[in-house]
Amino acid sequence: MSQTSAEGCQSERAVITVTVNPVPSAPLVSPTPVVYCQGALASPLTATATAPNGILSWYTQAVGGTPSPVYPTPSTAESEPPTRYYYVSQSINGCEGPRSTIAVTIRPAVAVSIVGLPGRLGQCAAPITLVGSPAGGTFTIDGLPATQLIPGNLSAGPHSVVYQYVSSGAARLRPPVQSSLTHCPWRRWSTVAR
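When we follow my numbering, the leftmost residue of the sequence shown carries the number 7, and every step to the right adds one.
As structure tokens, then:
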């Protein structure tokens, strides 16, 4: 580059060096969708820069939007819409690359309960086959696996019956159900469906 004076004299030329940086590739993300049950505790989403010193930027839309350096934690409070999308790009030397997409699916919560367990029971009572809703979960009594509650095998006093159900391979659901079971000599039980 040079300049010419009003008298027609041209200056010496200055050299300007222009560096063209390559556009970085999209960040690496885990396989999607990430699946949670409604109300479950979610973890922050993750992505990995594919180049040294790559700076990640998160978005809630595929094009445009305001970048955030904070790894987002999906909300699981609502299951509608069932799938939401998050986007992440990386920048190197001021050049921002394309965005990777992470889908997050929230499955509707399932009401979990213990069916037909009496509010009062004693050591002389007949064994009770444990039934949970929805079917397909597992029971524990005082932390030990069980399919029947056999009062005669347990000491008088409080005991805990827990039903645990896993929905579609996602997080466990744990809505508590409390009841007290005593009788003959009096015995207390607490039941929890999760």
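A virtual CB, placed ideally from N, CA and C, is assigned to each residue, including glycine.
Note that this is a predicted model, so its numbers are computed, not measured.
Item: Straight-line gap, P182 to T153 (C-alpha atoms, nearest Å); Value: Bear in mind that the predicted position of P182 carries a pLDDT of just 43, short of 50, making it unreliable; the figure below should be weighed with that in mind. Approximately 19 Å between the Cα atoms of the pair.
Item: Residues that DSSP places opposite L34 in a beta bridge; Value: T54
Item: Contact between the region 58-78 and the region 95-108 (3+ Cβ pairs under 8 Å); Value: yes
Item: Which of helix, strand or coil DSSP assigns to G103; Value: coil
Item: For P75, three-class secondary structure by DSSP; Value: coil
Item: Buried/exposed call for G122, threshold 16 Cβ in 10 Å; Value: exposed
Item: Residue range of the unbroken beta strand (DSSP E) whose run includes T146; Value: 144-147
Item: Candidates N159, P140, I147, of which the one nearest V172 by Cα; Value: P140
Item: Reduced DSSP secondary structure (H/G/I, E/B, other) of R178; Value: At R178 the pLDDT is 49, less than 50, meaning the model places this residue with poor confidence and gives no usable figure here.
Item: Under 9 Å between C-beta atoms of V40 and L51; Value: yes
Item: Inter-residue Cα distance where the pair is Q9 and V21; Value: 13 Å
Item: P30 and A53 closer than 9 Å at C-beta; Value: no
Item: Proximity winner among T82, A32, S49, V76, relative to A55 (alpha-carbon distances); Value: A32
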